[in-house]
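Down below is the structure, laid out as structure tokens.
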Amino acid sequence: DGVKMSETCHGVLIDCIGASLNDLAQEGLVEQDKVDSFTTPFYMAEEGELKQIIEENGKFTIEVFDDIIHPNGEFPLDPKILAASFKAIYGAFLSAHFGADVIRKTFELVEVKAREEICRFKNAKPGTQYFMVLRKN
Numbered sequence: 139d140g141v142k143m144s145e146t147c148h149g150v151l152i153d154c155i156g157a158s159l160n161d162l163a164q165e166g167l168v169e170q171d172k173v174d175s176f177t178t179p180f181y182m183a184e185e186g187e188l189k190q191i192i193e194e195n196g197k198f199t200i201e202v203f204d205d206i207i208h209p210n211g212e213f214p215l216d217p218k219i220l221a222a223s224f225k226a227i228y229g230a231f232l233s234a235h236f237g238a239d240v241i242r243k244t245f246e247l248v249e250v251k252a253r254e255e256i257c258r259f260k261n262a263k264p265g266t267q268y269f270m271v272l273r274k275n
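Here the sequence shown is numbered in my numbering, starting from 139 and rising by one per residue.
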């Protein structure tokens, strides 16, 4: 609760993707309007918010709700691995909007930007996932 997305490793890498797309727009390889109009349907709900939604819904009872915290040392902070991982996750989604050639160039830049932002990655707040067991009422 209270951790901004931009303070996590995931958020730093999303920033690198955005900065890379903006660089390509400045170089004229993609239209700035296309970059500006792009949005990602990604939302990180907080623990309290998730619990409230489930309880207000009334169709489930929360049996178990645990945080799974990923310490920063758990994943390698290698810019090449970070860029490749996010290309695997977001590549097809981004390609649908920008085209495959733009995305290939984007992730080449993402690796460079991730190298430049390595201190932000090292100082990022740990990521959190939730493990929930719900019982249907």
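For each residue, glycine too, the CB sits at the ideal point set by N, CA and C.
Asked                                                                                                          : Found
Residue of 266, 270, 158 and 262 minimising C-alpha distance to residue 206                                    : 266
Short Cβ contact (8 Å threshold) for residue 150 with residue 259                                              : yes
Own chain residues within Cβ distance below 6 Å of residue 257, not counting five before or after              : none
Range covered by the alpha helix (DSSP H) that runs through residue 173                                        : 170-175
Proximity below 8 Å, CB of residue 214 to CB of residue 252                                                    : no
Buried versus exposed call for residue 274 [16 or more other C-beta atoms within 10 Å across all chains shown] : exposed
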